[in-house]
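K.L.:
Just so you know, the protein sequences line up as chains A and B, in that order. Taking my numbering, the leading residue of the first sequence gets 111, the next gets one more, and so forth. Taking my numbering, the leading residue of the second sequence gets 257, the next gets one more, and so forth. Have a look at the structure that comes next, please.
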Amino acid sequence: MGKKLLLANDHIPGIQSYEVYRSNGGYQSVEKALKNLKPEDIVEEVKKSGLRGRGGAGFPTGMKWSFLAKPEGVPRYLVCNADESEPGTFKDRYLMSRIPHLLVEGMITSSYALGANTSYIYIRGEYYYVAQILEKAIAEAYQNGWLGQNILGTGYHLDLYVQVGGGAYICGEETALLESLEGKRGNPRIKPPFPAIAGLYGCPTVVNNVETIAAVVPIVNEGGDSYAAIGIGKSTGTKLISASGHIKKPGVYEIEMGITVEEFIYSDEYCGGILNDKKLKAVVAGGSSVPILPADKILTTPTGEKRLMSYESLAEGGFASGTMLGSGGFIVMDENTSIVENLYTFTRFYHHESCGQCSPCREGTAWMEKLLHKILDGHGTLADVDLLWEIQSKIEGNTICPLGDAAAWPVASAIRHFRAEFESFVGSSTAKHAIH
Amino acid sequence: MEKKEIKFSENVLELIQKMKGHYPAGKQKSALLPVLHLAQAEFDGWLSPEVMDYVASLLDIQPIEVYEVASFYSMYNLKPVGKCLLEVCRTSSCWLRGANEIVAHLENKLGIKEGETTPDGLFTLKTVECLGSCGTAPMLMCGAQFHENLTSEKVDELIAKLKAENTRKTYLDQVEVNQY
């Protein structure tokens, strides 16, 4: 049984409520932080912990915090990114709806560390019911003196608000999120300036994922070193993995980083093996954006070692034979899965979600969707597969935000590892698929 | 569709007033997305140009600022929809677990195609991209409620229930939280 830091109390009945959460050690990190620690001490602990952004990019959180500008007389903001929309990812929804106070507690402790007096949780509109759960938790935190004026008599004050989005994947990109929070279309901003200098309303802002902020609670409680002792190498601590697809036990699992991919897929503690005991064909390990890998490559590294659930091990081999941990959206496909049809659902997704600001992404995603539809319909040619490769290569690296790369990588990796499957559709009169 | 005066109820107006206080002075435009959700729930499930103009006046912004936002985000309906908007996810994980079959079953059962509304105005069928319910796929959302681990039988039960209730579902509804 691996160590659990975020979901340790998940099994406790009523943990959603303030009383039960508090009586199980809840809000201790706020007490410790506000009474015993200076804001810079907390930043130091987070740096020591090695915590990396859990939304997908994996950027060191302590470093991101230390970039925050602190000009006199200008407010600073902490914004929680709860716009979880990466296909295959549902861990934040799980965490927020099951243990809402953990996020509220993490927001208070982190806001104090950053010197923010107003903070927001920006949550995707489709999670409206989760927003209601958070609102209730926040109201309870106000009633019990954890939010508002003069918290714990220390003079520190914080207001925390939930902001609901309107349904747009792009708002998970931090500058698009800030635009949206300002009541605008979610068009990503050109960087620099980074939000740490000019973010919300032009003020210094930190944007962190839900799981990242929740992880600050055990880091403050037990110390950065203790957090860093868990995991492997630069992949410290635990990670929430959203497991879905053709497995016996889909769900959210908190793992200690460093367990093998094989254990994660086949052990009864986690996915429980492939549905109906079929063979494993492929895995998308970190949400739709990361390269898909065939069974042999996801289970073993290029040097023949067992691949581990960590940032480094999953990336081993580069894009030729590796992938990324990303958001931890782990999608498993059995031997009967059509890689091309699955890719079509991804590409349609990126076309739908492109904000339209950059031509390579706006036009490229539409073109790729059209070509995949043509191939699946049995009207494609071998040249279309080459064209698909060509288009994705021209999107990658040529857009303001990473959505372009995210749309390109699944296409590139599917062709790289499963080219024969694309070609099998060419000239096939029986290729007609049930495409919606 | 019944003719309604375009004005929020008193409690919603109060809520909007409170919401404006979440942001610094002069940044009340920040309330636009949440207010559009309220407007959609209050005014028959969609945003007419008149409703959007009303929202603009409430937030003291130009109507175009509302139109450009309402047309950007996928949850805002710019045309009338049925009382029950059935939003079926069909991205990867849902597709792997049978989302296309759920869509086909619904089309068959309701006698409409994706994107259409039943003649009685009760159901609109829409396919959507990932709603973050991949571990409980396939799924659909109706109002704020997620309906997960769907089968044809569960869909039949749901349709029967929604027909019996015959009420408009909105994203703001209080819902039961499903176990994972």
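Just so you know, even glycine gets a beta-carbon here, dropped at the ideal spot from N, CA and C.
Any C-beta of chain A sitting closer than 8 angstroms to the C-beta of residue 312(B)?
P.N.:
In the second sequence, the residue the question calls residue 312(B) occupies position 56. Answer no: the Cβ-Cβ gap between residue 312(B) and chain A never drops below 8 angstroms.
K.L.:
For residue 219(A) versus residue 317(A), is the C-beta distance shorter than 8 angstroms?
P.N.:
As a working note, residue 219(A) is residue 109 in the first sequence. As a working note, residue 317(A) is residue 207 in the first sequence. No, these two residues do not count as a Cβ contact at 8 angstroms.
K.L.:
Can you say whether residue 492(A) is buried or exposed, counting buried as having 16 or more other CB atoms within 10 angstroms of its CB?
P.N.:
Counted from its first residue, the first sequence places residue 492(A) at position 382. It counts as exposed.
K.L.:
Could you please give the first and the last residue of the uninterrupted alpha helix (DSSP H) stretch that includes residue 158(A)?
P.N.:
Translated into positions along the first sequence, residue 158(A) becomes position 48. 149-159 is the span of the alpha helix (DSSP H), which, as asked, contains residue 158(A).
K.L.:
Taking 8 angstroms as the CB-CB cut-off, is residue 404(A) touching chain B?
P.N.:
For this step, residue 404(A) is matched to residue 294 along the first sequence. No, because no Cβ of chain B sits closer than 8 angstroms to the Cβ of residue 404(A).
K.L.:
Here's a check: name, in chain order, each residue in its chain whose Cβ is nearer than 6 angstroms to the Cβ of residue 201(A), leaving out the five neighbours to either side.
P.N.:
Taking the first residue of the first sequence as position 1, residue 201(A) is located at position 91. Cβ neighbours of residue 201(A) beyond the five flanking positions: 350, 352 and 362.
K.L.:
May I ask you to check if the CB of residue 385(B) is nearer than 7 angstroms to at least one heavy atom of the ligand SAM?
P.N.:
Among the components modelled here there is no ligand, and therefore nothing to report on the ligand SAM.
K.L.:
Using 10 angstroms around the beta-carbon of residue 470(A), count the other beta-carbons present and answer buried if the total reaches 16, otherwise exposed.
P.N.:
Residue mapping note: residue 470(A) aligns to position 360 of the first sequence, counting from 1. Buried, because 16 or more other Cβ atoms sit within 10 Å of the Cβ of residue 470(A).
K.L.:
Counting only beta-carbon separations shorter than 8 angstroms, does residue 164(A) have a partner in chain B?
P.N.:
If you number the first sequence from 1, residue 164(A) lands on position 54. Answer no: the Cβ-Cβ gap between residue 164(A) and chain B never drops below 8 angstroms.
K.L.:
Please report the straight-line C-alpha distance between residue 330(B) and residue 277(A), rounded to a whole angstrom.
P.N.:
On the second sequence, position 74 is the one that residue 330(B) refers to. On the first sequence, position 167 is the one that residue 277(A) refers to. Using only the alpha carbons, I get a separation of about 5 angstroms.
K.L.:
For residue 356(B), is the classification buried or exposed, using 16 other Cβ atoms within 10 angstroms of its Cβ as the cut-off for buried?
P.N.:
Your numbering for residue 356(B) matches position 100 in the second sequence. Its Cβ being crowded by 16 or more others within 10 Å, residue 356(B) is buried.
K.L.:
Consider the Cβ of residue 302(B): report whether some Cβ of chain A lies at a distance smaller than 8 angstroms.
P.N.:
Locating residue 302(B) in the second sequence gives position 46, counting from the first residue. For residue 302(B), the answer is no, since every Cβ of chain A falls outside 8 angstroms of its Cβ.
K.L.:
Entirely within the segment 358-418 of chain A and at least 3 residues each: give me those beta strand (DSSP E) ranges in chain order.
P.N.:
Taking only runs of at least 3 residues, the beta strand (DSSP E) segments lying wholly in the segment 358-418 of chain A are 361-366, 390-394 and 402-404.
K.L.:
Within 10 Å of its beta-carbon, does residue 133(A) have 16 or more other beta-carbons around it, so buried, or fewer, so exposed?
P.N.:
One-based indexing of the first sequence puts residue 133(A) at position 23. Classification for residue 133(A): exposed.
K.L.:
So that I know if they touch, is there some Cβ in chain A lying closer than 8 angstroms to that of residue 385(B)?
P.N.:
The sequence position of residue 385(B) within the second sequence is 129, counting from 1. Yes - at least one Cβ of chain A is within 8 angstroms of the one on residue 385(B).
K.L.:
In chain order, what residues of the same chain have a beta carbon less than 6 angstroms from the beta carbon of residue 247(A), not counting five sequence neighbours either side?
P.N.:
The count along the first sequence starts at 1 and reaches residue 247(A) at position 137. So the qualifying residues of the chain are 210, 211 and 214.
K.L.:
Verify whether the separation of the beta carbon atoms of residue 337(A) and residue 159(A) is less than 8 angstroms.
P.N.:
Taking the first residue of the first sequence as position 1, residue 337(A) is located at position 227. Taking the first residue of the first sequence as position 1, residue 159(A) is located at position 49. Cβ atoms of residue 337(A) and residue 159(A): closer than 8 angstroms.
K.L.:
Just to confirm the assignment, what range does the alpha helix (DSSP H) spanning residue 413(B) have?
P.N.:
One-based indexing of the second sequence puts residue 413(B) at position 157. Taken as a continuous stretch (DSSP letters only), the alpha helix (DSSP H) holding residue 413(B) covers 408-421.
K.L.:
Judging by CA-CA distance, which residue of 147(A), 203(A), 358(A) and 255(A) is the nearest neighbour of residue 389(A)?
P.N.:
Indexing the first sequence from 1 puts residue 389(A) at position 279. Here the closest residue by C-alpha is 358(A).
K.L.:
Starting from the beta carbon of residue 121(A), find every residue of chain B whose beta carbon is closer than 7 angstroms, and list them in chain order.
P.N.:
For the purposes of this step, residue 121(A) is taken as residue 11 along the first sequence, with counting starting at 1. Simply none; closest approach about 12 angstroms.
K.L.:
Identify the continuous alpha helix (DSSP H) that holds residue 309(B) and give its terminal residues.
P.N.:
Reading the second sequence from its first residue, position 53 is the one you call residue 309(B). Start and end: 305-315.
K.L.:
Excluding the five sequence neighbours on either side, which residues of its own chain have a C-beta within less than 7 angstroms of the C-beta of residue 332(B), listed in chain order?
P.N.:
For the purposes of this step, residue 332(B) is identified with residue 76 of the second sequence, where counting begins at 1. Closer than 7 angstroms at Cβ, skipping near neighbours: 292, 296, 303 and 326.
K.L.:
Can you find a C-beta in chain B that's less than 8 angstroms from the C-beta of residue 321(A)?
P.N.:
If you number the first sequence from 1, residue 321(A) lands on position 211. For residue 321(A), the answer is no, since every Cβ of chain B falls outside 8 angstroms of its Cβ.
K.L.:
CA-CA distance, residue 502(A) and residue 365(B)?
P.N.:
Locating residue 502(A) in the first sequence gives position 392, counting from the first residue. Locating residue 365(B) in the second sequence gives position 109, counting from the first residue. Between residue 502(A) and residue 365(B), the C-alpha separation is close to 39 angstroms.
K.L.:
Along the segment 452-473 of chain A, where does the CB come closer than 7 angstroms to a CB of chain B? Name the residues.
P.N.:
Against chain B - using a Cβ distance shorter than 7 angstroms - the residues of the segment 452-473 of chain A are 452, 455, 456, 459, 462 and 463.
K.L.:
Three or more C-beta pairs closer than 8 angstroms, one from the segment 221-235 of chain A and one from the segment 391-407 of chain B: is that the case here?
P.N.:
The segment 221-235 of chain A is not in contact with the segment 391-407 of chain B.
K.L.:
Per DSSP, residue 341(A) is paired with what?
P.N.:
Translated into the one-based positions of the first sequence, residue 341(A) becomes position 231. 346(A), per the DSSP bridge assignment.
K.L.:
Taking three-plus beta-carbon pairs below 8 angstroms as touching, is the segment 341-350 of chain B in contact with the segment 375-389 of chain B?
P.N.:
Yes: the two stretches touch, three or more of their Cβ pairs being nearer than 8 angstroms.
K.L.:
Hey, is residue 324(B)'s beta-carbon within less than 8 angstroms of any beta-carbon in chain A?
P.N.:
Mapped onto the second sequence, residue 324(B) falls at position 68. So, interface residue.
K.L.:
Going residue by residue through the segment 324-397 of chain B, where are the continuous alpha helix (DSSP H) segments of at least 4 residues, counting only ones entirely within it?
P.N.:
Those alpha helix (DSSP H) runs which fall completely within the segment 324-397 of chain B and span 4+ residues are 348-352 and 355-366.
K.L.:
Which residues bound the alpha helix (DSSP H) around residue 325(A)?
P.N.:
As a first step, residue 325(A) is located in the first sequence; it is residue number 215 there, counting from the start. Where residue 325(A) is concerned, the enclosing alpha helix (DSSP H) stretches over 320-332.
K.L.:
So, helix, strand or coil for residue 127(A), using DSSP?
P.N.:
Locating residue 127(A) in the first sequence gives position 17, where the first residue counts as 1. Correct three-state label for residue 127(A): coil.
K.L.:
With respect to the beta strand (DSSP E) encompassing residue 229(A), which residues constitute its N-terminal and C-terminal limits?
P.N.:
Reading the first sequence from its first residue, position 119 is the one you call residue 229(A). Note, residue 229(A): beta strand (DSSP E), 228-233.
K.L.:
Does residue 435(B) come out as helix, strand or coil in the three-state DSSP assignment?
P.N.:
Working through the second sequence from its first residue, we reach residue 435(B) at position 179. Since pLDDT at residue 435(B) reaches only 47, below the 50 mark, its modelled position is unreliable, and the value read off the structure follows with that caveat. Residue 435(B): coil per DSSP, three-state reduction.
K.L.:
Name the two residues that bound the continuous alpha helix (DSSP H) containing residue 471(A).
P.N.:
Here residue 471(A) refers to the residue found at position 361 of the first sequence. Run containing residue 471(A): 469-486, per the alpha helix (DSSP H) assignment.
K.L.:
At the level of alpha carbons, what is the spacing between residue 395(B) and residue 198(A)?
P.N.:
Sequence index remark: in the second sequence, residue 395(B) carries index 139 (1-based). Sequence index remark: in the first sequence, residue 198(A) carries index 88 (1-based). One C-alpha to the other measures close to 13 angstroms.
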